[in-house]
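Colleague: Residue numbers (the working numbering): 226 to 406.
Heads up, the beta-carbon is just placed ideally off N, CA and C, and yes, glycines get one too.
The structure under discussion is supplied below as structure tokens; questions concerning it will follow.
Encoded structure:
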């Protein structure tokens, strides 16, 4: 029997699976996909997997809010699944030499810092909600990673734009949840 209440959590688990699949395709695509395969097709397939996984992030949140089916599993694992997906993409991009180490480091530091902020806030009974700026940050990061997966020449510039917005949105969270208290 189909139960809409389980769908957001299923999408979250699927996104974790996609993170592993993405990294495998990026690192071992020439062995996993049928030969002879041109490297461009590995890029296309990796980008497709990443985009599908990113879309699951939108839909699990939308369904959870629309049908009011939030769960403690979803509250913990949804952001974790997002970070695993981005981590898999960034590790693969670093191995392939397509992403700047400092850009990836700055993005990941911000992500882990805000995750820590959320945990501390939760222990104090405060819920840190995603701001619009945080959603724009996520959209720009997804766009930058997709462009890097496709190996477009302008993709590194897009990644640095994502870094700037990522750091600014991190500052915004600090301003709202730490400096204003």
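1. Might you give, ordered along the chain, the residues of its own chain that have their beta carbon closer than 6 Å to the beta carbon of residue 397, omitting 5 neighbours on each side?
2. In the DSSP assignment, find the unbroken alpha helix (DSSP H) run with residue 388 in it and report its ends.
3. Report yes if the C-beta distance between residue 235 and residue 274 is below 8 Å; otherwise report no.
4. Please identify the residue among 270, 247, 282, 258 whose C-alpha is closest to the C-alpha of residue 232.
5. So, is the C-beta of residue 284 closer than 8 Å to a C-beta in chain C?
6. Give me the Cβ distance between residue 374 and residue 268, rounded to the nearest whole Å; I'm assuming they're in contact under 8 Å.
7. Give me the residue from 366, 312, 390 with the minimum Cα distance to residue 380.
8. Count Cβ pairs between the segment 302-318 and the segment 259-267 that sit closer than 8 Å; are there 3 or more?
9. Comparing alpha-carbon positions, which option in 257, 230, 351 lies nearest residue 298?
Modeller: Taking the coordinates as given:
1. 358
2. 380-399
3. no
4. 282
5. This model lacks chain C altogether, as it is built from one protein chain only.
6. 6 Å
7. 366
8. no
9. 230
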